[in-house]
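Below is one structure, written out as structure tokens, with a few remarks after it.
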Amino acid sequence: MNHVVDQLSALLDGALAPPARAAVEAHLAGCATCRAERDRLSGALSALARLPAAPEPSPYFSARLAARLAAEPPRGLLGRLAALRWRLALPAGVLAAAALAGLLVVRQQRGLELAAAAQLDLLAEYETVASVDDVETAEDAALIAALDTLDRGGTR
Amino acid sequence: MSQDDDAALLLAFQRGDEAAFRLLYERNARAMIAFCHRFVRDAARAEELAQDVFVKLYRVAGRYQPSARFKTFLYRVATNHCLNEVRRAEFTARAAGPVGEDQAPDLDALPSGAAGPHEQAVARSLEQAVVSLLGALPDKQRAAFVLCRFEGMSYEEIAETLETSVSAVKSLIHRATVSAASALAAFAPGGDEEVLS
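Next up, the structure:
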């Protein structure tokens, strides 16, 4: 007679298909050795059922886990890109501000230079007018008046 | 909510819903701590391990396929992590060594004050016997045994979790149960547990 000892745990766990289960139970009915082994295994399962319950989660479990997850790098490509975006946001902002400030300085400088160039043009025309020593047109008169104004502003 | 709801939460998390992951671990925290407790028998360490498991789940969530059962996916991560943990010399030594102060069963997990001194003493002895049993089992047997006896998984679910065949699971569980029958004989009905009081 072939014993069915290696089928007994599956029998106790209800993991045997109906035909196998029927065959094992038929064997047990006529085999005291296998019945004794079944009872021995069944006793172990009964003992395990008497184990104390596992501990409850501590009140801080979720908070601690949330803190650990918050420290995790973002997930996936999109997450990494999102993180990169925020990591670059500050330096990019600083760069943009610096560029804007630079642009303003350049524009202000350029404005001063243009004003200086305009004054030089006026002076050149003034010399031309003065060399002629004769103011004939209204345009020349306006030019001289502007140069006088400029001159008063520069000597103040 | 069902297991399918857990899968839906994980899929929502895959789409970027962080709140779904929080709900997922809040729903499964208690079961996961209990599972880890079966491996390390220490409440504080079990919580740390359970947190490790959820952090790992967070990292590998993108690999989850809707065709897989969430439970087996989660317990695969958890089993691998717990087995790695018990392989470490510290826990192996503690599990296999003699009973000492450090190995005392977790008092928080013992029955409440409603149990009498005899019952509490028996519970402590039983707890210790299970610690020794689990510590002595080979890794795969231990994992299959815990998943079956404490998590109530079917052989098919265990096979999926451990990525092995159902017939291999059947063999693993049977050998572990035979070991348990020897280790826990005193606690079985008709055993001589009264000598432990």
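Residue numbers (this note's numbering), protein chains in the order written: chain H, 923 to 1078; chain R, 3 to 199.
All residues carry an ideal CB built from backbone N, CA and C; glycine is no exception.
Partners in chain H for residue i, counting only beta-carbon separations shorter than 8 Å
i	result
R/P191	G965, S968
R/L200	In the structure as shown, chain R begins at 3 and stops at 199. Residue 200 of chain R is therefore absent and cannot be evaluated.
R/R151	L967, L970
R/Y157	A932, D935, A937
R/E87	None at all; the shortest Cβ gap to chain H is about 16 Å.
R/V201	Only positions 3 to 199 of chain R appear in this structure, which leaves residue 201 of chain R out of reach.
R/K172	S931, A932, A937
R/E162	Per Cβ cutoff of 8 Å: no residues; R/E162 is ~14 Å from chain H at best.
R/R65	Here the premise fails: no neighbours, minimum Cβ distance about 11 Å.
C-beta contact flag for residue i and residue j at 8 Å
i	j	result
H/A937	R/Y77	no
R/R71	R/E162	yes
R/H57	R/M34	According to the sequence provided, residue 57 of chain R is Val. The question's His does not apply to it. It is not a contact, given that the beta carbons lie outside the stated cut-off.
R/Q143	R/L174	yes
R/Q53	H/L934	no
R/V79	R/L59	yes
R/D74	R/A145	Rather than Asp, the amino acid found at residue 74 of chain R in this sequence is Thr. Contact: no.
R/L186	H/A958	no
R/P68	R/A9	yes
R/L135	R/S167	no
R/P1	H/G965	Lying before the first or after the last residue shown, residue 1 of chain R is absent from chain R, which here runs from 3 to 199.
R/E2	H/S980	Any question about residue 2 of chain R goes unanswered here, given that chain R covers just 3 to 199.
H/A942	H/Q929	yes
H/V946	H/V927	no
R/K172	H/A932	yes
R/L149	R/M155	yes
H/L973	R/V132	yes
R/L85	R/D7	no
Within chain H, partners of residue i - CB distance below 7 Å
i	result
R/T179	S931, L963, A966
R/H83	Those do not exist, as R/H83 stays about 14 Å from chain H at its closest Cβ, beyond 7 Å.
R/A36	A976
R/R71	Those do not exist, as R/R71 stays about 17 Å from chain H at its closest Cβ, beyond 7 Å.
Beta-carbon separation (whole angstroms), residue i vs residue j, contact threshold 8 Å
i	j	result
R/R40	R/F152	5 Å
R/Q16	R/G64	6 Å
R/L128	R/F37	Their Cβ separation, rounded to whole angstroms, is 19 Å, which puts R/L128 and R/F37 out of contact at 8 Å.
H/R960	H/L950	6 Å
H/P977	R/A125	Incorrect: roughly 14 Å between the Cβ atoms, too far for contact.
R/Y66	R/L12	5 Å
R/L139	R/A178	6 Å
Per-residue contacts from residue i into chain R (C-beta, under 7 Å)
i	result
H/L905	This structure cannot settle anything about residue 905 of chain H, because the visible part of chain H is limited to 923 through 1078.
H/L987	Y27, Q53, F56
H/P981	By Cβ distance, chain R contributes nothing, its closest Cβ being about 11 Å from H/P981, past 7 Å.
H/E947	Within chain R, no residue comes near H/E947; the closest Cβ sits about 17 Å away, beyond 7 Å.
Chain H contact residues for residue i, given Cβ-Cβ distances below 9 Å
i	result
R/L128	A969, L970, R972, L973, P974
R/H176	V927, D928, Q929, L930, S931, A932, L963
R/I120	Residue identity differs from the one stated: residue 120 of chain R is His in this sequence, not Ile. Near R/H120 there are no residues of chain H at all, since even the closest Cβ is about 13 Å away, more than 9 Å.
R/E165	Result: empty, since nearest Cβ-Cβ is about 19 Å, beyond 9 Å.
R/R47	Going along chain H, no residue has its Cβ under 9 Å from R/R47, so there is no contact; the nearest lies around 11 Å.
R/R144	Residues of chain H passing the Cβ test: none, with the nearest at roughly 14 Å.
R/A125	R972, L973, P974
R/A31	P979, F983, S984, L987
R/A182	L963, A966, L967, A969, L970
Chain R contact residues for residue i, given Cβ-Cβ distances below 9 Å
i	result
H/E994	V57, Y60, R61
H/P1080	For chain H, the structure presents residues 923 to 1078; residue 1080 of chain H sits outside this window and is missing.
H/E899	Any answer about residue 899 of chain H is impossible in this case: the structure gives chain H only from 923 up to 1078.
key: Proximal residues, the stretch 13 to 26 of chain R versus chain H, C-beta separation under 9 Å   = F15, Q16, G18, E20, F23, R24
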